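J.: This structure is in structure tokens; I'll ask about it shortly.
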Amino acid sequence: MNITCPACRSAISTDDVNVSTDIALCRRCDKTFSFAELALASTAPTANLSMPPRGAWFEQYPGGFRVGATTRSWGALFLVPFTCVWAGGSLGGIYGTQFLHHRFNLGTSLFGIPFLLGSCMLITMCLITVAGKIELTLRDDQLSIFTGVGLIGWTRRYLWSDFSLVREQMGGSNFNSNRRGPSLALEGKRKASFGGSWNDERRYFVLNVLRSMLGGTPSLASTFTAPVFR
């Protein structure tokens, strides 16, 4: 098994690995890493960056790149009908009857607030699973991570130079910290987690793109045109 330092990309000798303490030392940059995570990264599936899976895209240009994937999921087939029943039944019964009879009841309205908040959360999840996306954009040293639908969403901004490696982690992303499935994490001076809503194929594609960009691979822009997400 070939273990590579995620910071300087040099090979780590087996003499510098302590399996019992889960430590791997890179003598070139004098940094230590988790051996288990490096071993997992070395065996992770690779991807052809010029052939993104359906629902993913990648574009490299002078001074940066754009990579992302849709968060569309078959789970929407269950979530959307459930939300219609939940929101329609609870909000219609609590607030709809008040509008229908032109009569405001403070106690009933306050009682309905948890149902209102729950409905808003479910509607947001429906939008994410039907038409959402997560996209990373780098221009010079400015990295933005967008999560949302269309132009509406949440954007986090970082310095690309603050990151030295990317890995897959178990647990939620910054957008969904309670999720127990796998997500991606950029790490270094700062940490940014994302991609918890992607399926395996899209997640591994973006993982390989980011590893390549952190490793400084040659440009693919001349041979690859990124698909447009709508």
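Residue numbers (my numbering): 5 to 234. Beta carbons: idealized from backbone N, C-alpha and C, even for Gly. Treat the numbers as computed from the prediction; the structure is a model and nothing was measured.
#1: Within 10 angstroms of the Cβ of I149, are there 16 or more other Cβ atoms? Answer buried if so, exposed if not.
#2: Taking a contact to mean a Cβ-Cβ separation below 9 Å, would you say F62 touches V213 in this structure?
#3: When you compare only the Cα positions, how much space is there between W78 and I132?
#4: For the region 110-136, list the alpha helix (DSSP H) runs that are entirely contained and at least 4 residues long, ordered along the chain.
#5: Going by other Cβ atoms of all chains shown within 10 Å of its Cβ, with 16 needed for buried, is T137 buried or exposed?
#6: Skipping 5 residues on each side, what residues in its chain have a beta carbon closer than 8 Å to that of Q173?
#7: Can you name the residues that DSSP bridges to E191?
#8: Can you grab the Cα-Cα spacing for the pair T101 / I156, in whole Å?
#9: Along the chain, which unbroken stretches of the alpha helix (DSSP H) at least 4 residues long are found entirely within the region 22-108?
#10: Sort S201, C9, F82 and S123 by Cα distance to A91 and report the nearest one.
#11: What are the boundary residues of the alpha helix (DSSP H) that includes L238?
T.: Here's the rundown:
#1: Burial call: buried.
#2: Contact check for F62 against V213 passes: the beta carbons are separated by less than 9 Å.
#3: Note on geometry: alpha-carbon atoms of W78 and I132 lie some 12 Å from one another.
#4: Correct list: 110-115 and 117-135.
#5: Sequence inspection shows Lys at residue 137; the Thr mentioned does not correspond to that position. Result: buried.
#6: Here the set comprises P186, S187, L188, A189 and S197.
#7: Here E191 is bridged, per DSSP, to L169 and K195.
#8: If you take the alpha carbons of T101 and I156, they lie about 32 Å apart.
#9: If we require 4 residues or more, the alpha helix (DSSP H) runs fully inside the region 22-108 come out as 39-46, 80-95 and 101-105.
#10: The residue with the shortest Cα to Cα distance from A91 is S123.
#11: Absent from the structure is residue 238, since the part of the chain shown begins at 5 and ends at 234.
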